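Peer 1: Would you mind keeping the following structure in view while I ask a few things?
Residue numbers (my numbering): -2 to 310.
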């Protein structure tokens, strides 16, 4: 008998493969709309950054929430879910490119390969990240993918807020500040949690909400799923910090121990490893509780939450 955990792993891999194919179709040399031309080197760099594997957890969440809230996952609905999910993944990939830059985290490896600025150069990496961000919003705004202007508008607004000044980008600035880059700091546990909710949590939470938007879910259902997404996003960052301490470069495909080396004050450093693990467990329970009432159809989302805190990659 195949275990639920095996079913989840297989389904996660299947979705990742389908998302990869969708993303590959977006990143070609062919122009679209009012584009004048696509420089070959820029497209190659964007493909290098995006088509490098990965779990594709954020797209998975959007697609699974759409499936959960829909009586039937029609072909049109599936296409819309993959469309929105892929736009979010473009934003995520752009953020990784910029995070790896010498002025940010200064990483040499990403998913076991040289980071983009190492494989190409720093200027190309910056421009590739900029282009991925622009492409994400161009895709979300394109009526060819979804005729409902209200849905497109909600998705664009949500992604902008999750990835911008009050979300991912703002969280990255707070993260740099907590390394002491802008003067001596002594962040409280609440300060660190705010940074985590912005830097990592906001985009994960949006990925959940995007599925609810596509499925035209009512507000009570969206509220439950927001609780799930918020808990998942914060747990992901704590698990990531724990992996930086006890994971290996071979497991993660990137250098480990860099937070300690940079003097970054993380939640793990502030409250201790055991307390951080307990916080992950608490957030897992919060996420699972939010799915009460959805029945067995939400099992993949439950497994996704468990995967986030138990992962080794």
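C-beta: ideal position from N, C-alpha, C; glycine also.
Since the structure is predicted, the reported quantities are computational estimates derived from the model, not experimental observations.
(1) Secondary structure at residue 107, three-state DSSP: helix, strand or coil?
(2) Going residue by residue through the stretch 62 to 112, where are the continuous alpha helix (DSSP H) segments of at least 4 residues, counting only ones entirely within it?
(3) Alpha carbon to alpha carbon, how far is residue 23 from residue 349? Give it in angstroms, no decimals.
(4) For residue 117 and residue 38, what's the separation of their Cα atoms in angstroms?
(5) Compare the Cα-Cα distances from residue 10 to each of 307, 297 and 208 and report the closest residue.
(6) Mapping DSSP to helix, strand and coil, what is residue 214?
(7) For residue 72, is the classification buried or exposed, using 16 other Cβ atoms within 10 angstroms of its Cβ as the cut-off for buried?
(8) Which residue comes first and which comes last in the alpha helix (DSSP H) that contains residue 53?
(9) In terms of residue numbering, what span does the alpha helix (DSSP H) encompassing residue 264 cover?
(10) Check this for me: beta carbons of residue 328 and residue 5, under 9 Å apart or not?
(11) Leaving aside the five residues before and after residue 172 along the sequence, list all residues of the same chain whose C-beta is less than 6 Å from its C-beta, in chain order.
(12) Is it right to say residue 61 is buried, meaning 16 or more other beta carbons lie within 10 angstroms of its own, or is it exposed?
(13) My understanding is that residue 55 touches residue 85, with C-beta atoms under 8 Å, so please give their C-beta distance in whole angstroms.
(14) With 16 as the cutoff for other CB atoms within 10 Å, does residue 105 come out buried or exposed?
(15) Please report the Cβ distance between residue 227 and residue 202, rounded to the nearest whole angstrom; I am assuming they are in contact, meaning their Cβ atoms lie under 8 Å.
Peer 2: Well, looking at it:
(1) Your numbering for residue 107 matches position 110 in the chain shown. Assigned with DSSP and collapsed to three states, residue 107 falls in strand.
(2) The qualifying runs are 72 to 96.
(3) Missing from the structure shown is residue 349; the chain here goes from -2 to 310 and no further.
(4) Here residue 117 is taken as the residue at index 120 of the chain shown, counted from 1. Here residue 38 is taken as the residue at index 41 of the chain shown, counted from 1. A direct Cα-to-Cα measurement between residue 117 and residue 38 gives close to 9 Å.
(5) Position 13 of the chain shown, counting from 1, holds the residue named residue 10. Ranking 307, 297 and 208 by Cα distance to residue 10 puts 297 first.
(6) Walking along the chain shown from the start, residue 214 turns up at place 217. Residue 214 falls in the coil class under three-state DSSP.
(7) Counting from 1 along the chain shown, the entry for residue 72 is found at position 75. By the 10 Å Cβ count, residue 72 comes out exposed.
(8) What you label residue 53 is simply residue 56 of the chain shown in a count that begins at 1. Per DSSP, residue 53 belongs to no alpha helix (DSSP H) and is neither H nor E.
(9) For the purposes of this step, residue 264 is taken as the residue at position 267 of the chain shown. Unbroken alpha helix (DSSP H) run through residue 264: 264 to 268.
(10) Nothing in the structure corresponds to residue 328, since the chain is present only between -2 and 310.
(11) The residue labelled residue 172 in the question sits at position 175 within the chain shown. Same-chain partners within the cutoff: 192 and 196.
(12) What you label residue 61 is simply residue 64 of the chain shown in a count that begins at 1. Under a 10 Å Cβ-count criterion, residue 61 is classified as buried, with 16 or more other Cβ atoms of the shown protein chains found around its own Cβ.
(13) Within the chain shown, residue 55 is the residue found at index 58, counting from 1. Within the chain shown, residue 85 is the residue found at index 88, counting from 1. A Cβ-Cβ separation of about 5 Å places residue 55 in contact with residue 85 under the 8 Å criterion.
(14) Residue numbering aside, residue 105 sits at position 108 when the chain shown is read from its first letter. Exposed, because fewer than 16 other Cβ atoms sit within 10 Å of the Cβ of residue 105.
(15) Position 230 of the chain shown, counting from 1, holds the residue named residue 227. Position 205 of the chain shown, counting from 1, holds the residue named residue 202. Yes, they are in contact, since the Cβ atoms of residue 227 and residue 202 sit about 5 Å apart, within 8 Å.
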